[in-house]
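So the sequence shown is residues 342 to 520, counted in the working numbering.
All remarks here apply to the structure that follows.
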Amino acid sequence: MQIIAKHTDERVLPLESKTVIKRDAARAIVLQGDEILLMYTARYDDYSLPGGGIDQGETQKQGMIRELQEETGARGIRDIEPFGCFEEYRPWHRDGADVMHMLSYCFYCQVDRELGTPTFEHYERHNGMRPVWVRLNHAIAHNKAVMANSDKAGQSLVRETMLLEMIAQQRDSTQQATA
Numbered sequence: 342m343q344i345i346a347k348h349t350d351e352r353v354l355p356l357e358s359k360t361v362i363k364r365d366a367a368r369a370i371v372l373q374g375d376e377i378l379l380m381y382t383a384r385y386d387d388y389s390l391p392g393g394g395i396d397q398g399e400t401q402k403q404g405m406i407r408e409l410q411e412e413t414g415a416r417g418i419r420d421i422e423p424f425g426c427f428e429e430y431r432p433w434h435r436d437g438a439d440v441m442h443m444l445s446y447c448f449y450c451q452v453d454r455e456l457g458t459p460t461f462e463h464y465e466r467h468n469g470m471r472p473v474w475v476r477l478n479h480a481i482a483h484n485k486a487v488m489a490n491s492d493k494a495g496q497s498l499v500r501e502t503m504l505l506e507m508i509a510q511q512r513d514s515t516q517q518a519t520a
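Next comes the structure, spelled out in structure tokens:
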């Protein structure tokens, strides 16, 4: 899958002197009209794409489907198409590493509007995560306000907001082309 954007947190530079751990993740982009299916996290007051780490032995697509089902209770997952890969380097002070090199493989898909019951991990419940249908432009504006005004913003917020902006840009250009 093609890398569509990169972000390097300036706190990890220079990379040459750091111990880097690599993580592959998969994320779902589910659009219905002006709305997108996102995860709202109360602890950080932000929106993010459903998704997470790809398990050993899973393909990128299989990881996305599993994460989407776990986090949102999504049913009827279909019409899966690649969007692109987001590459990032960010601080990581676990597992003997200083830096995480993450590749997030993002896929468009459709799901049934009515969601089932999510199966959250402990930290997801603790952080107050829940799936929500929200207007894409609202989610972008909300995340930007959190980045500008909050000291509790999560590390993933830059990635998530950049991806949401790219999704909106592609959606808007597609709508203009078909008008």
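Ideal Cβ placement from N, Cα and C applies to all residues, glycine included.
DSSP on residue i, reduced to helix/strand/coil?
i: residue 510; result: helix
i: residue 363; result: strand
i: residue 419; result: strand
i: residue 454; result: coil
Give me, in chain order, the residues of the same chain whose beta-carbon lies closer than 6 Å to that of residue i; leave out the 5 immediate sequence neighbours on both sides.
i: residue 426; result: 342, 344, 444 and 446
i: residue 449; result: 370, 422 and 424
i: residue 405; result: 367, 369 and 448
i: residue 384; result: 468 and 469
Can you tell which of the options has the C-alpha that lies nearest to the C-alpha of residue i?
i: residue 505; options: 492, 359, 483 and 466; result: 483
i: residue 357; options: 481, 442, 410 and 401; result: 442
i: residue 454; options: 417, 397, 469 and 502; result: 417
i: residue 363; options: 500, 488, 377 and 395; result: 395
i: residue 435; options: 361, 354 and 510; result: 361
Can you tell me whether residue i is buried or exposed, with buried defined as 16 or more other CB within 10 angstroms of its CB?
i: residue 389; result: buried
i: residue 514; result: exposed
i: residue 464; result: exposed
If we define contact as Cβ-Cβ less than 8 Å, is residue i a contact residue for chain B?
i: residue 391; result: The question asks about chain B, but that chain is absent: this structure has only one protein chain.
Is residue i near the ligand SAM, judged by its Cβ being under 7 Å from some heavy atom?
i: residue 503; result: The ligand SAM is not among the ligands present in this structure, which contains no ligands whatsoever.
Tell me which same chain residues have a C-beta within less than 8 Å of the C-beta of residue i, skipping the five on either side of it?
i: residue 480; result: 377, 379, 388 and 505
To which residues does DSSP link residue i through a beta bridge?
i: residue 349; result: 430
i: residue 369; result: 448
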